[in-house]
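Chemist:
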Amino acid sequence: MDSWLAVYQAGLLVAIVVSIVAAKLAWRHRDERGGMPLTVVLAAEIGWAVAILVTTVFPGTSIALAANKALLAGVVVLVPALVVFALEYTGRESLVTRRLLGALSVEPVVFMALVWTNEAHGLVWKTLRIDGTGPRGLETVNGPLFGVHTAYSYLLLSVAVLLIVVFALRSRYFYQRQIAAIVLATLVPWAANAVSLALGLEYDLTPIAFTVTGVAFTWAVAREEFLDITPIATEVVFDRIDTAVVVVDTAGRVVDINESARELLGVSDIVGESIDECLGAVPDAVSVYESITDGHEPNTQDLTVGDRAVRMESSPLVDRRDEVVGYALIMVDLTEEREREATLTRRNEQLDRFVGVVSHDLRNPLQVAAGRLEHARREGKPEQFAAVERAHSRMERLIEDLLTLARQNEDLDPEQVELEVVAKSAWSYVETGAATLELDVEGVTVEADPDRMSQLFENLFRNSIEHGGEDVTVIVEGLPARRGFAVTDDGSGFDKADPEKVFEDGYTTTRDGTGFGLSIVAEIATQHGWAVSAIDVEDGARIEVLTGEATA
């Protein structure tokens, strides 16, 4: 018996020393997540182990009797503190309120009051007296409330273990060693306590089992910087942000990857694999990664992922020794931004052309009109007034076209539009003279903004009449496979015009043309996501508008 007692006392001493070391380390980090409840857990375990050690050093004495009561203070504090620790560690610190702490304090306070007044009621122990036998020299027979307390403690322990184990199962590769240590540290003392109670052992193994807790927590703190890392923050923020993020270690292994990155890169379960596997399907991505993950400084570089423009940024991850332990690769989708930049550039270029038109093209007809009016005053010839009228008409057309182009920035209001109805309406707005319109689009509809669609047809009709003559025939027809429509005239075709340039702003081959008619057509088509092309056909000109989807 004496030899086993010596071994048991040595085990208690080891548990106390190890727990003191771990408690000091936890206290240094008391302001960090989980630091304070961890300190309380270890301090309570120290008190528990010290009290049991005292009962074995002074067996069969009043000191052993008092220590037997005092050790329960460590138990009733340790278990709630472990629950608080589990809540904070798994990211549920918002639940750790004053109300919760107050609720968790009720049972320890009431139970310890009953412990110290047990002689009056016998609810905790039916028998608690000195008998000089066993390692503590005490005879104890548990009362009804001792069983209630034990059940309550196991309930709280179950909650703590469940929180940590569930979190472990959902944990990422980066935290596996930390989680394993915490799960082990939680389960071992619980199992030891269950064995001690179930077998009725004279030696309570639970305080000694907390040596494992102390070692595991110390290792987690000192080696894994456990208290510096907040895994749940990763779970909440990392997975829910739209930005693609991949975490790699210094060996080039994928440590973590969020859902946005999986979708962007077209990968699934890639954690633990080489970054080359993760980026292998993206041209130049591996070389970009290698060029931006060198040293302590963040780096960025652009690349193309499928049809997306992406900027990859590396953020070095450093430990307490300021050594790089990995990199966070943040991939920002710049596609929409680039599209906006392109649109803005196009609008700025368009504005420059507007300035040129206003300063040059409008000035010319104004000068012509002024000169003709001067001649008319001197000579009184009617043809002079006709020239003035033509100059004013050209200015009016230029102003209308410029206003139309300027309004293309306005948002579309698309709906299902019948081409036949819109074409007939647009034809009525154009001075057609002896020109003829033929429609072969009965029942054909397309999703478009009605006003912009009318402008498109008006400019196509006006262009056909200006270049094809007043008696031109204009045909509106659907394209094969119903993926768009075409406007064809039987005029002189594009003649000297270059079909590749007819959609450019200001391009015209006639003296009175504004050069904006087909430019407006192209702009409207681009706004709708369509493509437009000019085809020089036999005996005429043809403009095709490809909507990209089958027209109804």
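With numbering that gives the first Met the number 0, letter number 241 in the sequence shown gets 240, and the count goes up by one each step, no holes. Using N, Cα and C, we set each Cβ at its ideal position, and we do this for glycine too.
1) In chain order, which continuous runs of the alpha helix (DSSP H) of length 4 or greater are located wholly inside the region 121-195?
2) Spatial neighbours of L81 within its chain, please: CB distance less than 6 Å, with the 5 preceding and 5 following residues excluded, ordered by chain position.
3) With a CB to CB cut of under 8 Å and the five nearest residues on each side skipped, what residues in its chain are close to L137?
4) Taking a contact to mean a Cβ-Cβ separation below 7 Å, would you say L77 touches E44 in this structure?
5) When burial is assigned at 16 or more other CB atoms within 10 Å of the CB, is I240 buried or exposed?
6) Using DSSP with H/G/I as helix, E/B as strand and the rest coil, what is F460?
7) Please work out which residues of its chain come closer than 6 Å, Cβ to Cβ, to E417, disregarding the five sequence neighbours upstream and downstream, and give them in chain order.
8) Closest to L552 by CA distance: which of A530, D538, E537 is it?
9) Rounded to the nearest angstrom, what separates T242 and I329 at their Cα positions?
10) Please classify F173: is it buried, with 16 or more other beta-carbons within 10 angstroms of its beta-carbon, or exposed?
11) Using C-beta distances below 8 Å, list every residue in its chain close to N298, excluding the 5 sequence neighbours before and after it, in chain order.
12) Can you tell me the Cβ-Cβ gap for N192 and T210, rounded? I've got them flagged as a contact below 8 Å.
13) Please state whether DSSP places V536 in a helix, a strand or coil.
14) If you follow the beta strand (DSSP E) that I256 is in, where does it begin and where does it stop?
15) Check whether the region 420-440 and the region 532-543 touch, using three or more Cβ-Cβ pairs below 8 Å as the test.
16) Using C-beta distances below 6 Å, list every residue in its chain close to L333, excluding the 5 sequence neighbours before and after it, in chain order.
17) Secondary structure at G46, three-state DSSP: helix, strand or coil?
18) Mark G547 as exposed unless 16 or more other C-beta atoms lie within 10 angstroms of its C-beta, in which case mark it buried.
19) Just verifying my parser: in three-state terms, what is the DSSP assignment at A14?
20) Per DSSP, which residues does A447 bridge with? Please list them.
21) Looking at the structure shown, is A69 part of a helix, part of a strand, or coil, going by DSSP?
22) With contact counted as at least three CB pairs below 8 Å, one residue from each stretch, are the region 437-451 and the region 459-467 in contact?
23) What span of residues does the beta strand (DSSP E) with Y428 cover, start to end?
24) In whole angstroms, what is the alpha-carbon distance linking I19 and L11?
25) With distances taken Cα to Cα, identify the nearest neighbour of V534 among E430, A150, E262, T487.
26) Just mark P479 as buried or exposed, buried being the case when its beta carbon has 16 or more other beta carbons within 10 Å.
27) Determine the direct distance from the alpha carbon of V323 to that of L154, and round the result to whole angstroms.
28) Pick from E201, L113, S532, A14: whose alpha carbon is nearest that of G133?
29) Among E465, L156, I474, which one has its Cα closest to the Cα of S491?
30) Let me check understanding here. Comparing Cα to Cα, which of R97, A25, A260, N117 lies closest to A69?
31) Opposite E312 in the DSSP bridges: which residues?
32) What is the DSSP secondary structure of R261, counted as helix, strand or coil?
33) Measure the C-alpha to C-alpha separation of V536 and D489 and round it to an integer number of angstroms.
34) Can you tell which of P188, V194, E469 has its C-alpha closest to the C-alpha of A14?
35) Could you tell me the alpha carbon to alpha carbon distance between E441 and F484, rounded to whole angstroms?
36) Does the separation of the CB atoms of I474 and E503 fall below 7 Å?
Modeler: Concretely, from the data shown:
1) 143-169
2) V40, A159
3) T54, P58, G59, A63, L64, N67, L127, R128, I129, D130
4) yes
5) exposed
6) helix
7) T444
8) Because the chain in this structure spans residues 0 to 551, residue 552 falls outside the shown range and cannot be described.
9) 7 Å
10) Low confidence applies to F173: its pLDDT is 48, below 50, so where it sits in the model is not reliable, and the reading given next is rough at best. Burial call: buried.
11) S290, I291, T292, E312, S313
12) Contact flag wrong, Cβ pair sits at about 14 Å.
13) strand
14) 253-256
15) no
16) A308, R310
17) helix
18) exposed
19) helix
20) E414
21) helix
22) no
23) Careful: Y428 lies outside any beta strand (DSSP E) and carries neither H nor E.
24) 12 Å
25) Checking the sequence, you will find Ile at residue 534 rather than Val. Considering only alpha carbons, the answer is T487.
26) exposed
27) 42 Å
28) E201
29) E465
30) N117
31) T299, I329
32) helix
33) 9 Å
34) P188
35) 12 Å
36) no
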